[in-house]
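Positions 1 to 138 (our numbering) are the ones given, in order, by the sequence shown.
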Amino acid sequence: MPPSHHPHAPGDIVTPDRDITHAHFRPGDQVVILKGASGSELWGDAYKVVTPSWHIPTDEDGWRLYDPAGGERTYITAHPRYLVHLSSRCPDCLIYQQALRTYLVPRLAGADEDVDCGWYSVTHLNQVVHIADARSGQ
1 MPPSHHPHAP GDIVTPDRDI THAHFRPGDQ VVILKGASGS ELWGDAYKVV
51 TPSWHIPTDE DGWRLYDPAG GERTYITAHP RYLVHLSSRC PDCLIYQQAL
101 RTYLVPRLAG ADEDVDCGWY SVTHLNQVVH IADARSGQ
């Protein structure tokens, strides 16, 4: 069952200020884009980093990601600040996850299902864009 969109889901104040460089990730890395919470745990969509790719919504270096269950969206492009390592115990990614968990989980207390906070959308060019990076009129 897909996650529900919580009507009072908090905005994401952590990701837009995350300072992570393109070079933090490498082709082959297993990553996740965190989109919400399930109880006291964060959840999101998992991908494999494939190759550098320009991220049009932010006009910065991004990464092309592979989603084995993606269907028409098998490959998408995302900004590095959206990504979190799954495949290693990465201190930078763990700090980010903890900050997001500390902020998000108390605000979703009482939700008894997976909650998608609605922070991300995908453009017609298969580019993932965070709500804070979406440019109106473009």
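From the three backbone atoms N, C-alpha and C, an ideal C-beta is built for every residue, glycine too. These numbers come from a predicted model, not from an experiment.
Closest residue to residue i among the options (Cα-Cα distance)
{"i": "S40", "options": "A46, D67, Q97, I131", "result": "Q97"}
{"i": "T123", "options": "A111, L94, T77, V84", "result": "T77"}
{"i": "W43", "options": "R101, R64, P52", "result": "R101"}
{"i": "A145", "options": "T58, D67, C117", "result": "Residue 145 lies beyond the residue range present for the chain, which begins at 1 and ends at 138; the question has no answer from this structure."}
{"i": "H79", "options": "D92, T58, P10", "result": "T58"}
{"i": "L94", "options": "G11, P16, V31", "result": "V31"}
Continuous beta strand (DSSP E) stretch holding residue i: start and end
{"i": "Q30", "result": "30–38"}
{"i": "E60", "result": "60–66"}
{"i": "A78", "result": "75–78"}
{"i": "A46", "result": "41–55"}
{"i": "H24", "result": "Note, H24: premise wrong, no beta strand (DSSP E); not H, not E."}
{"i": "H85", "result": "83–85"}
Enclosing alpha helix (DSSP H) for residue i [first to last residue]
{"i": "R101", "result": "91–107"}
Test item: CB-CB of residue i and residue j under 7 Å
{"i": "R18", "j": "R81", "result": "yes"}
{"i": "D56", "j": "Q127", "result": "The identity of residue 56 in the sequence shown is Ile, whereas the question assumes Asp. Their beta carbons are under 7 Å apart, which means I56 touches Q127 by this criterion."}
{"i": "T74", "j": "R64", "result": "no"}
{"i": "A9", "j": "G118", "result": "yes"}
{"i": "P16", "j": "A99", "result": "no"}
Inter-residue spacing [alpha-carbon to alpha-carbon] between residue i and residue j
{"i": "H130", "j": "T21", "result": "17 Å"}
{"i": "G62", "j": "V105", "result": "28 Å"}
{"i": "Q138", "j": "L83", "result": "Note that Q138 scores 41 on pLDDT, short of 50, meaning its location in the model is unreliable; the coordinates nonetheless yield the value given after this. Rounded to whole angstroms, Q138 to L83 spans 24 Å at the Cα level."}
{"i": "A134", "j": "G110", "result": "30 Å"}
{"i": "W149", "j": "A23", "result": "The shown model of the chain, from 1 to 138, leaves out residue 149, and the question about it has no answer."}
{"i": "R89", "j": "A69", "result": "25 Å"}
{"i": "V49", "j": "D29", "result": "5 Å"}
{"i": "L108", "j": "L34", "result": "15 Å"}
{"i": "G11", "j": "H85", "result": "22 Å"}
{"i": "E113", "j": "S121", "result": "21 Å"}
{"i": "Y103", "j": "E60", "result": "27 Å"}
{"i": "V91", "j": "E72", "result": "According to the sequence provided, residue 91 is Pro. The question's Val does not apply to it. Their backbone Cα atoms lie some 34 Å apart in a straight line."}
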